[in-house]
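Worksheet: one structure, shown below.
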Amino acid sequence: MDKRTVAAAALALPLGVLAAGPVHADDTTTLQAQLAPVNEPDASGTGTVHLDGTRVTVDIEAGGLVGNLAHAQHFHIGGQNTCPPHDANEDGDGFISTTEAQPYAGGIKTSLTTEGDTSPASGLEVGRMPLADGEGHVSYQRSFEVPEDVAASLEAGEAVIEIHGIDANGNGRYDFEAAGESDLDPALPAEATHPALCGEVRTAPDGGMAAGHGGSAGTGANAGLIGLGAALVLAAGAGALRARRPRPER
Ligand SMILES: [Cu+2]
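Start counting the sequence shown at 26; every next residue gets the next number (our numbering).
Quick look at the structure:
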């Protein structure tokens with residue numbers, strides 16, 4: 026019994042230290058996001074962000090997305106730092122649009138492109154966004170610099186990762202048939218811009234997901250997630266998507 030007590034105490038100390046704050050390895054802060062489905066029920070994923078000053082290394086693994094199509098992905102900052110709940114679908118069409126999600130997740134602050142610019146201006150540059158493989162899996166890793174305000178928001182756990190692009194009718198392409206026109210630009214299919222996955226970026230106090238947020242998944246609070254910076258997209262990115270979208274309609 027005594028030995029057991031001693032062992033428990035020995036375990037409690039390091040756990041207590043870890044729970045006290047973000048995980049720091051050298052000067053790097055590690056943050057995590059559990060990506061939960063928004064409009065793509067079978068999608069899931071994880072995001073990991075290593076932050077060293079203003080340099081971020083982002084790892085994203087996601088599955089259940091529409092395959093062979095590009096998926097725009099971003100850090101969203103400036104909302105409530107949460108993914109949208111199910112009732113964020115205010116117009117009752119069954120989809121949480123980028124516009125409907127924005128009050129929760131905030132606008133695009135960093136575009137998680139595969140190369141080149143990562144500013145909001147590249148928000149819908151789908152030619153530089155990850156392409157899902159034939160089975161709908163996205164694997165992404167990139168290191169790049171972010172502005173100081175973005176780094177500060179990440180460090181504070183005040184950011185959301187979103188991955189966009191859904192296939193509402195399962196026909197393997199972005200089109201207008203199932204979800205109509207995008208709320209961001211009627212020339213675009215909503216399927217191309219609706220959120221698919223969303224995850225709140227949080228520090229990793231115990232080496233895993235922040236329990237308070239992961240635990241809310243069962244209530245549905247995490248299940249209906251996502252958002253896009255509609256205003257930013259309209260201002261900067263919609264033309265890019267129109268010009269470069271992977272499957273031009275008809
Ligand atoms: Cu986004």
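We put the beta carbon where it would ideally sit given N, CA and C, even for glycine.
> residue 212 to residue 52, Cα distance in whole Å?
Replying inline: 45 angstroms
>> Three Cβ pairs or more, each shorter than 8 angstroms: is that satisfied between the segment 66-83 and the segment 102-116?
In response: no
>> Using a Cβ-Cβ cutoff of less than 6 angstroms, which residues in the same chain neighbour residue 183 once the five nearest sequence positions on both sides are dropped?
In response: 106
>> Per DSSP, what are the beta-bridge partners of residue 57 in this structure?
In response: 73, 227
> What residues match up with residue 170 in a beta bridge as DSSP calls it?
Replying inline: 80
> If you draw a straight line from the C-alpha of residue 311 to the C-alpha of residue 91, how long is it?
Replying inline: For residue 311 there is no data in the structure shown, the boundaries of the chain being 26 and 275.
> Taking C-alpha atoms, which residue in 94, 140, 57 lies nearest to residue 156?
Replying inline: 94
> Which whole runs of the alpha helix (DSSP H) in the segment 93-117 are 4 residues long or more, in chain order?
Replying inline: none
>> Please report the straight-line C-alpha distance between residue 196 and residue 57, rounded to a whole angstrom.
In response: 32 angstroms
>> Within 8 angstroms, do at least three Cβ pairs link the segment 161-180 to the segment 133-141?
In response: Counting C-beta pairs closer than 8 angstroms gives three or more between the segment 133-141 and the segment 161-180, which meets the contact rule.
> Quick one: what's residue 86 bridged to in DSSP?
Replying inline: 71, 164
>> Taking contact to mean 3 or more Cβ pairs, one atom from each stretch, closer than 8 angstroms, check whether the segment 118-130 and the segment 139-157 are in contact.
In response: no
> Based on Cα-Cα distance, which residue from 185, 103, 71 lies nearest to residue 166?
Replying inline: Measuring from the Cα of residue 166, the nearest candidate turns out to be 71.
> Say the cut is 8 angstroms; is the CB of residue 62 nearer than that to a heavy atom of ligand 1?
Replying inline: no
> Since residue 145 and residue 189 are thought to touch, with beta carbons under 8 angstroms apart, how far apart are those beta carbons, to the nearest angstrom?
Replying inline: Not a contact, Cβ separation roughly 14 angstroms.
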